[in-house]
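For the sequence shown, our numbering gives the first residue as 78, with consecutive numbering after it.
Down below is the structure, laid out as structure tokens.
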Amino acid sequence: MLSKVRYGIVMGALSASLLAQAQDYLPILQYHHVSATTPRSTSLTEAEFTEHMNYLESAGFEVVDLRTALDKLKLGEALPDKAVAITFDDSYRDIYSGAFPILSERDYPFTVFINSEPVEALRGNALTWEQMKEMEQAGGVFANHTINHPYMLRKEEGESDDAWLSRMENEVDYVENLLTKELGHSPKMLAYPYGESNITLRNMLKEREIVAFGQQSGVVSADSDFQNLPRFPASGAYAKLSTLKTKLNSKPMPLISEKTGGDFATDKPVSISLTFKQGKYRLKDLACYVSGQGKATLEWVSDTEVVATASKAFNTGRGRINCTMPDNSGRQYYWYSNVWIRTSAEQGYISEKS
78 MLSKVRYGIV MGALSASLLA QAQDYLPILQ YHHVSATTPR STSLTEAEFT EHMNYLESAG
138 FEVVDLRTAL DKLKLGEALP DKAVAITFDD SYRDIYSGAF PILSERDYPF TVFINSEPVE
198 ALRGNALTWE QMKEMEQAGG VFANHTINHP YMLRKEEGES DDAWLSRMEN EVDYVENLLT
258 KELGHSPKML AYPYGESNIT LRNMLKEREI VAFGQQSGVV SADSDFQNLP RFPASGAYAK
318 LSTLKTKLNS KPMPLISEKT GGDFATDKPV SISLTFKQGK YRLKDLACYV SGQGKATLEW
378 VSDTEVVATA SKAFNTGRGR INCTMPDNSG RQYYWYSNVW IRTSAEQGYI SEKS
């Protein structure tokens with residue numbers, strides 16, 4: 078029998094080994110089309126998708142079920158080392174014809190966020206319920222992407238804020254009920270069309286205990302906003318494997334707090350204040366980039382707080398600041414991103430008060 082001392086040493090070594098093989102964060106990949114004949118901006122070819130999946134396999138990544146992994150993170154439980162999740166937005170049939178065979182031969186779980194109107198209208202380029210049921214048997218999960226894929230922050234002509242919110246609630250609730258009716262359950266997850274949300278929408282989903290995803294890049298951790306989780310786009314301009322490798326090997330930015338000034342941009346340049354956790358970080362190597370503008374100006378107001386400011390105001394629509402910082406090994410990056418919406422009466426965006 079092992080002595081108590083030797084037993085303690087063995088168990089300590091085993092615990093250390095297990096800790097070394099676990100992580101407390103999750104990178105999530107976002108795809109749309111897997112086809113050579115669809116719009117390139119939201120597509121990658123089957124060959125490119127195969128290249129991505131081959132890399133996950135050869136580099137030792139463990140593809141995990143999204144909802145299960147998120148629940149573990151919220152509970153403070155560790156994920157497998159190099160855990161990653163795969164998602165698709167929209168109910169495109171080429172997910173079934175192009176991506177599914179590649180995923181199923183590797184037994185990779187995946188999540189598809191479906192907008193229901195094309196499915197119920199039996200459109201030729203949309204998934205069918207039979208195809209979804211087949212994919213479910215092989216690890217697929219189907220979640221909410223609204224009925225009509227609307228710009229969720231845009232009001233219709235003459236629509237009040239209350240009527241707008243009621244319409245958005247119906248976009249969400251209808252699909253939740255439809256998933257339960259057709260597939261027997263809903264994972265209570267939603268991807269915002271175009272990645273757009275505000276505090277009103279996020280609170281509405283939180284009341285329904287629905288986890289929600291934007292389209293800003295970054296890595297999920299227990300500290301993330303579970304009604305506005307980040308994902309890494311991996312289609313179109315982002316399909317190149319060399320840059321995707323960096324994102325897959327990223328970690329969440331070690332922040333105590335972030336001050337964004339709200340969901341909406343104005344006619345002035347946006348800025349964001351980031352306060353870092355105590356630790357030995359390479360803060361001097363932090364870099365922040367503004368969509369369409371290049372590097373943001375960084376002003377350190379203390380040893381652990383920085384303000385990143387854009388050089389000019391955003392145009393109407395979505396604008397982002399992405400921040401990255403190498404870890405001490407130099408082999409991985411910390412990653413953070415935030416999205417703002419520049420409103421426009423012509424486009425029907427709702428007021429900031431909403």
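C-beta atoms are modelled at their ideal positions from N, C-alpha and C, and glycine is treated no differently.
In this text the structure is predicted, and so the values were computed from the model without any measurement.
Just the C-alpha distance for residue i and residue j, rounded to the nearest angstrom, thanks.
| i | j | result |
| --- | --- | --- |
| V68 | C365 | Residue 68 cannot be examined here, being either before or after the span of the chain that is shown, 78 to 431. |
| D101 | T320 | 23 angstroms |
| L306 | A373 | 23 angstroms |
| A422 | L133 | 44 angstroms |
| R117 | Y108 | 12 angstroms |
| V161 | M330 | 17 angstroms |
| E253 | F309 | 25 angstroms |
| V296 | R183 | 24 angstroms |
| D167 | I191 | 5 angstroms |
| L351 | G201 | 47 angstroms |
| T122 | Q409 | 27 angstroms |
| F138 | T323 | 13 angstroms |
| V249 | I224 | 7 angstroms |
| D148 | I179 | 27 angstroms |
| V347 | T337 | 8 angstroms |
| Y251 | M281 | 14 angstroms |
| A215 | I105 | 19 angstroms |
| S174 | H226 | 22 angstroms |
| G371 | L156 | 35 angstroms |
| Q208 | A390 | 45 angstroms |
| M402 | D158 | 21 angstroms |
| D362 | K258 | 51 angstroms |
| L204 | E125 | 22 angstroms |
| W377 | S334 | 15 angstroms |
| K354 | C400 | 16 angstroms |
Which first and last residues belong to the beta strand (DSSP E) in which residue i is found?
| i | result |
| --- | --- |
| E376 | 374-377 |
| T343 | Run containing T343: none; DSSP gives neither H nor E here. |
| D166 | 160-166 |
| A314 | It is not in any beta strand (DSSP E) - A314 carries neither H nor E in the DSSP assignment. |
| N221 | 217-221 |
| L267 | 266-268 |
| F290 | 288-290 |
| Y366 | 364-367 |
So, under 8 angstroms CB-CB, residue i and residue j are touching, yes? Tell me the CB distance rounded to an integer number of Å.
| i | j | result |
| --- | --- | --- |
| L230 | I398 | Contact doesn't hold; Cβ gap of about 19 angstroms is too wide. |
| E213 | L150 | The Cβ separation is near 23 angstroms, so there is no contact. |
| F290 | Y269 | 7 angstroms |
| N247 | D340 | That pair is no contact at about 22 angstroms. |
| N392 | R419 | 6 angstroms |
| W417 | A342 | 4 angstroms |
| A387 | L375 | So it is not a contact: roughly 12 angstroms between Cβ atoms. |
| V111 | Y185 | Actually they are not in contact, since the Cβ atoms of V111 and Y185 sit about 13 angstroms apart, beyond 8 angstroms. |
Under the three-state reduction of DSSP, which class applies to residue i: helix, strand or coil?
| i | result |
| --- | --- |
| G396 | strand |
| R83 | Note that R83 has pLDDT 48, beneath the 50 cutoff, so the model's placement of it is unreliable and the number below is only indicative. In this structure, R83 counts as helix in the three-state DSSP scheme. |
| V189 | strand |
| P403 | strand |
| K336 | strand |
| L260 | helix |
| E134 | helix |
| S274 | coil |
| P195 | helix |
| A90 | Because the pLDDT of A90 is 43, which lies under 50, any placement of that residue in the model is unreliable, and the question is left without a value. |
| A203 | strand |
| F126 | helix |
| A240 | helix |
Starting from residue i, trace the alpha helix (DSSP H) both ways and give me its first and last residue.
| i | result |
| --- | --- |
| M229 | Here M229 belongs to no alpha helix (DSSP H), and DSSP marks it neither H nor E. |
| T114 | Counting along the chain, T114 falls outside any alpha helix (DSSP H), and DSSP gives it neither H nor E. |
| E423 | Run containing E423: none; DSSP gives neither H nor E here. |
| E382 | No alpha helix (DSSP H) holds E382; the beta strand (DSSP E) holding it covers 382-386. |
| S298 | Careful: S298 lies outside any alpha helix (DSSP H), inside the beta strand (DSSP E) at 296-298. |
| A146 | 143-151 |
| I179 | 177-181 |
Are there three or more Cβ pairs, one per stretch, closer than 8 angstroms when the segment 124-139 is compared with the segment 328-343? no
I'd like to know if the segment 261-280 and the segment 219-228 are in contact, where contact means that at least 3 CB-CB pairs between them fall below 8 angstroms. yes
Take every Cβ of the segment 284-292, pair it with every Cβ of the segment 311-318, and state whether three or more of those distances are shorter than 8 angstroms. no
Do the segment 195-206 and the segment 165-180 meet, that is, are 3 or more Cβ pairs less than 8 angstroms apart? yes
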